[in-house]
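Chains as they are written, first to last, in the numbering used here: chain A, 1135 to 1363; chain B, 1135 to 1363. In this text, a Cβ means the ideal position worked out from N, Cα and C, and glycines have one as well. Remember, predicted model here, so these are calculated numbers, not experimental data. Please read the structure below before turning to the comments.
2 protein chains.
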Amino acid sequence: MALLWGGGEPGEVRPGPKPGLSVDVIVEAAIEVADTEGMAALSMRRVGERLGRTGMALYTYVPGKAELIDLMYDRALAELPAEYDVGAGWRPAVASWAGHLLRFYLRHPWMLQVSQARPVAGPNEFAVLEGLVAILRGTGLGPRRVRGVVALLFDFVRGAARTCAETGAADGERRRARSLLLEQAAPGFTARFPMVTWAEPAADEPAGETFTLGLHVLLDGVEAAVRET
Amino acid sequence: MALLWGGGEPGEVRPGPKPGLSVDVIVEAAIEVADTEGMAALSMRRVGERLGRTGMALYTYVPGKAELIDLMYDRALAELPAEYDVGAGWRPAVASWAGHLLRFYLRHPWMLQVSQARPVAGPNEFAVLEGLVAILRGTGLGPRRVRGVVALLFDFVRGAARTCAETGAADGERRRARSLLLEQAAPGFTARFPMVTWAEPAADEPAGETFTLGLHVLLDGVEAAVRET
DNA sequence: GGACAATTCTTTACGTCATAAGGGTATCAG
DNA sequence: CTGATACCCTTATGACGTAAAGAATTGTCC
């Protein structure tokens, strides 16, 4: 809470040993663990290890693991641009925003595993939101519609990132393995699910195509909403 | 895997004590635990307890917790309709599909916490997908576009459900508490994030409005795609 | 300089978790 | 009846988050 919005305040001089760590250092180390080893590997002990300390030492700085995760989440989002150039129109700006966010999630797939049920969002998260709302406000849509579109865009990009990150959509090898598993487990699959079979991606389909197509549909919907306004 | 697609096969007679449990009974108990106590409470021990057995007894039937969760996931989806009436057109059918799925997630919020990175999906999951693809195929869209729309719809409904389930969007009380927290943590918030402030929901805004608006935008986008075809 | 209080860390401990593995008992087939 | 198999319980292990006690370090005040 206070840690999330407090920023790097200069520590006032107090009795006791000089601190060997700081919140920032701990958060950075935790992000590194999550980035390199995944969320499942993130433990207080693991982070402590990376800093040459015990896991318990971290509790001097952060009240608990949940709070550490909140801090990590917001800190990682600082990577993203806060503003977008709408000179070429809102559509390319939104597409740019979505592309940045997708690639961000693919660099930090652990982000997708952090619960949205946090007590409060942090400054960087709000900055990302601010950038998108600023673009959409320029379409002339009212706050209610903007909210709907914002939710849609976030959900979409998160979903697309999740698909890529978790199912290895970019990996034809893995996809083939999955199809094989399915064949073995479910003989007669094609007859049972003819529609799904029809919609199956081809083996050589470019990786990001579903994202591109989905975004196109979504932006067309936004355009229709703008016209209705 | 085999358990997922095997169904309730009549147990062949084998030496050894008569089984006191079955996969189905275990999965049902596990779903009950998740429904009533949340995903965090789901442990082999907890499920075993509910069945008057130890947690270890479950391993006779399922290879591990991950597999149990896969089974739960697919089993829960059996609740949903597999087919939709497109007599009134594809739009109401999709809206009906989305509404069913949203309400389903709200009844079983733990579903949203299950990783999509599973080795293979089960029969009920495919049935839900089959129903949606069948509707969308009726629009005349090709398989590639249908895939994009399908992804979008799933992401959207999941995201909307997550927002409701995790942030208590239906709960004005909780929302006010969050605003208060934000005020305290971030003085000058309004000046720093003017766009976000502009887009803030009113205190008395109906709960499901963002979902309705988002779906409308999305369906307009689908309509545009259909026209392009 | 010493006493006191506060602080930074380590260590020990606890309860919880998933699951490996051994052992006792029940059942079936020959 | 014997041998093999299966259903469970029990014991154990390693991992987790975190409570709490203790040792060492530092700052302030007299």
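query                                                                                                                           : result
Endpoints, alpha helix (DSSP H) assigned at B:Tyr1082                                                                           : A query on residue 1082 of chain B cannot be resolved here, the shown segment of chain B reaching from 1135 to 1363 and no further.
Cβ-based burial, B:Pro1197 [other Cβ within 10 Å; buried from 16]                                                               : exposed
Near-chain A residues of the stretch 1314-1339 of chain B - C-beta to any C-beta below 7 Å                                      : Leu1315, Leu1316, Ala1319, Ala1320, Phe1327, Met1329, Val1330, Trp1332, Ala1333, Pro1335
Residue interval of the alpha helix (DSSP H) (run including B:Phe1345)                                                          : 1343-1362
C-beta neighbour in chain B for A:Gly1293, strict 8 Å                                                                           : yes
Amino acids of chain A, ordered along the chain, whose beta-carbon sits closer than 8 Å to that of B:Pro1253                    : Arg1312, Leu1315
Chain-ordered chain B contacts of A:Trp1139 [CB-CB under 8 Å]                                                                   : Ala1319, Ala1320
Chain-order list of residues whose beta-carbon lies under 6 Å from that of A:Ala1088 (same chain, five-residue window excluded) : Nothing about residue 1088 of chain A can be reported from this structure: the residues present for chain A run from 1135 to 1363 only.
Chain-ordered neighbours of A:Arg1209 on chain B, where CB pairs are closer than 9 Å                                            : Near A:Arg1209 there are no residues of chain B at all, since even the closest Cβ is about 16 Å away, more than 9 Å.
Supposed contact pair A:Ala1227 and B:Met1329 - C-beta distance, whole angstroms, cut 8 Å                                       : Rounded, the Cβ-Cβ distance is 13 Å, inconsistent with contact.
Euclidean distance between Cα positions of B:Arg1296 and B:Ala1191                                                              : 33 Å
Check whether A:Val1248 and A:Tyr1195 have beta carbons under 8 Å apart                                                         : no
Three-state class that DSSP yields for B:Tyr1207 in the structure shown                                                         : helix
Chain-ordered chain A contacts of B:Leu1192 [CB-CB under 8 Å]                                                                   : Result: empty, since nearest Cβ-Cβ is about 22 Å, beyond 8 Å.
Any chain A beta carbon closer than 8 Å to B:Pro1197                                                                            : no
Presumed contact (8 Å Cβ cut-off) between A:Trp1332 and B:Arg1271, rounded CB distance                                          : 7 Å
Reduced DSSP category for A:Leu1314 - H, G, I as helix; E, B as strand; rest coil                                               : helix
Nearest to B:Leu1235 (by Cα), restricted to the options B:Ala1358, B:Gly1265, B:Glu1362, B:Gly1221                              : B:Gly1265
Buried versus exposed call for B:Gly1348 [16 or more other C-beta atoms within 10 Å across all chains shown]                    : buried
Cα-Cα separation, A:Pro1321 to B:Ala1319                                                                                        : 57 Å
Within-8 Å CB hit, A:Asp1092 to chain B                                                                                         : For residue 1092 of chain A there is no data in the structure shown, the boundaries of chain A being 1135 and 1363.
Residue of B:Arg1309, B:Glu1146, B:Tyr1218, B:Arg1225 minimising C-alpha distance to B:Leu1353                                  : B:Arg1225
Boundaries (first-last residue) of the alpha helix (DSSP H) holding B:Phe1327                                                   : It is not in any alpha helix (DSSP H) - B:Phe1327 carries neither H nor E in the DSSP assignment.
Inter-residue CB distance, B:Val1220 and B:Val1283 (contact presumed, cutoff 8 Å)                                               : So it is not a contact: roughly 15 Å between Cβ atoms.
B:Ala1268 at chain A interface by Cβ criterion, 8 Å                                                                             : yes
Per-residue DSSP class, three states only, for B:Gly1172                                                                        : coil
For A:Ala1163 and A:Leu1202, believed in contact at Cβ under 8 Å, the rounded distance                                          : Rounded, the Cβ-Cβ distance is 10 Å, inconsistent with contact.
Alpha helix (DSSP H) segment containing A:Glu1183, residue limits                                                               : 1178-1184
A:Gln1250, DSSP secondary structure in three states                                                                             : coil
Selected residue, minimal CA-CA separation from B:Arg1292, among B:Trp1231, B:Glu1334, B:Arg1312                                : B:Trp1231
Member of A:Leu1211, A:Ser1313, A:Arg1179, A:Arg1237 whose CA lies at the smallest distance from the CA of A:Ala1255            : A:Leu1211
Continuous alpha helix (DSSP H) stretch holding B:Phe1139: start and end                                                        : It is Trp, not Phe, that sits at residue 1139 of chain B in the sequence shown. It spans 1136-1140 - the alpha helix (DSSP H) in which B:Trp1139 sits, taken as one unbroken run.
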